[in-house]
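S.K.: This is the structure, below, for whatever I ask next.
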Amino acid sequence: MADRITSWHPSPSTPHFVPPPGAVDAHCHVFGPMAQFPFSPMAKYLPQDAGPDQLFALRDHLGFARNVIVQPSCHGTDNSATLNAIACSGGKARGVAVVNPTVSEGELAALNEGGIRGIRFNFLKRLVDNAPKNKFLDVAARLPEDWHVVIYFEADLLAELRSFLDAIPVPLVIDHMGRPDVSQGPDGPDLRAFRALLESREDIWFKPTCPDRLDAVKEGGRGDPWDNFADAVAPLLAEYPDRCIWGTDWPHPNMQDEIPDDGHLVDMIPRIAPTEELQRKLLVANPMKLYWPEQCE
Ligand code: 0GY
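Next up, the structure:
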């Protein structure tokens, strides 16, 4: 069996930035625990257990109030670990599932009951073997009311995905802004193409997340404190303040070489969202609209 990976910081610092009351960490995951929730036989990485207790302790340490737990590829289409974490949260978590496109209406209703509010389509070749666009479109047309689709892709795939994205009949949330090369700066080709996507419809949201991935030394970036990321991404939030949501990405799947300090990730927030109004939108108002709409006025 492959070695199990530890990808999270053992003792994240306390951030200097204090999130507003009700702040949502809208992109995080749980792994296992494996004895209760085995990983998928198709998993491309085998992580150590990172269960709900650890996630909720981090939430409190960082000053957040809620989590949106995104089903990670290592659990395939078995959403039990994600649903378990949501059930353990006392109403403070909701989630995004990964489903087999043949999922039944009854199974979707059960996921909705368990706190799921969207499904994720993952196009990263290093994470999934198969991403069948036609089948994805079929299931996107059958989602429960108020659900959305979360999409994960890399920048060089955006042009090829455009007609597929255009055809999805529910709101879209783009993970990590479609992984632009942030060393190109705010007006580089990757972020220009991403802006064109945002301009194409009003119901596309994005996550200005993962400076640790997008500005990694290993990828030719600058590393913590991720200055390329801050410079490239801040203008996007200023332009689209009502369409961004933020998350830690804990437990940082696969990040075994440059494991980020979660406190430092939180300290990126005021650099990309410098005003209190923008911070409140990014961390509270926007994620609440997507995940707890019934609690919004
Ligand atoms: C992320 C990023 C990654 C992994 C996954 O589902 C996953 O395994 O999302 C990644 O390796 O880039 O957003 O969690």
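Read in order, the letters of the sequence shown are residues 5 to 301 in my numbering. Glycine is no exception: its CB is placed at the ideal position from the N, C-alpha and C atoms. Keep in mind that this is a model prediction, so the values were computed, not measured.
#1: For Ala159, which residues in the same chain have their Cβ closer than 6 Å to its Cβ, ignoring the five residues on either side in sequence?
#2: Give me, in chain order, the residues of the same chain whose beta-carbon lies closer than 8 Å to that of Pro297; leave out the 5 immediate sequence neighbours on both sides.
#3: Inspect the beta-carbon positions of Pro215 and Met272 and report whether they are closer than 8 Å.
#4: May I ask you to report which of helix, strand or coil DSSP gives Ala323?
#5: The ligand 0GY and Tyr156: does the residue's C-beta get closer than 7 Å to at least one heavy atom of that ligand?
#6: For Arg70, collect the residues of the same chain with a Cβ closer than 6 Å to its Cβ; drop the 5 residues on either side in sequence, then sort them by chain order.
#7: Could you check which residue in Leu147, Phe35, Asn138, Arg146 has the C-alpha nearest to that of Leu169?
#8: From which residue to which residue does the alpha helix (DSSP H) around Ile9 run?
#9: Is it buried or exposed, Thr18, if we count other Cβ atoms within 10 angstroms and call 16 or more buried?
#10: Quick check: the segment 212 to 231 against the segment 249 to 257, are there 3 or more CB pairs under 8 Å?
#11: Which residues in the same chain have their Cβ closer than 8 Å to the Cβ of Glu280, if we skip the five residues on either side of it in sequence?
#12: Compute the beta-carbon to beta-carbon distance between Leu128 and Leu162, rounded to the nearest angstrom, for a pair I have assumed lies under 8 Å.
#13: Relative to the ligand 0GY, is the shortest distance from any of its heavy atoms to the C-beta of Leu128 smaller than 7 Å?
#14: What I want to know is whether the C-beta of Arg217 ends up closer than 7 Å to one or more non-hydrogen atoms of the ligand 0GY.
#15: According to DSSP, is Tyr49 part of a helix, a strand, or is it coil?
#16: Taking 7 Å as the limit between beta carbons, can you name the residues of its chain near Met46, skipping five residues before and five after?
#17: Can you tell me whether His20 is buried or exposed, with buried defined as 16 or more other CB within 10 angstroms of its CB?
#18: Report yes if the CB atom of Arg121 is closer than 8 Å to the CB atom of Arg98, and no otherwise.
#19: Please indicate yes or no: does the CB of His65 lie closer than 7 Å to some heavy atom of the ligand 0GY?
#20: Between the alpha carbons of Leu240 and Ala39, how many angstroms are there, rounded?
M.R.: The relevant details are as follows:
#1: Gly182, Arg183, Pro184, Asp194
#2: Asp150
#3: yes
#4: With the chain running from 5 to 301 in the structure shown, residue 323 is simply not present.
#5: yes
#6: Val28, Lys96
#7: Asn138
#8: Segment: none, Ile9 is in no alpha helix (DSSP H) and carries neither H nor E.
#9: exposed
#10: yes
#11: Pro24
#12: 13 Å between Cβ atoms; not a contact.
#13: yes
#14: yes
#15: coil
#16: Gly80, Asp133
#17: exposed
#18: yes
#19: no
#20: 42 Å
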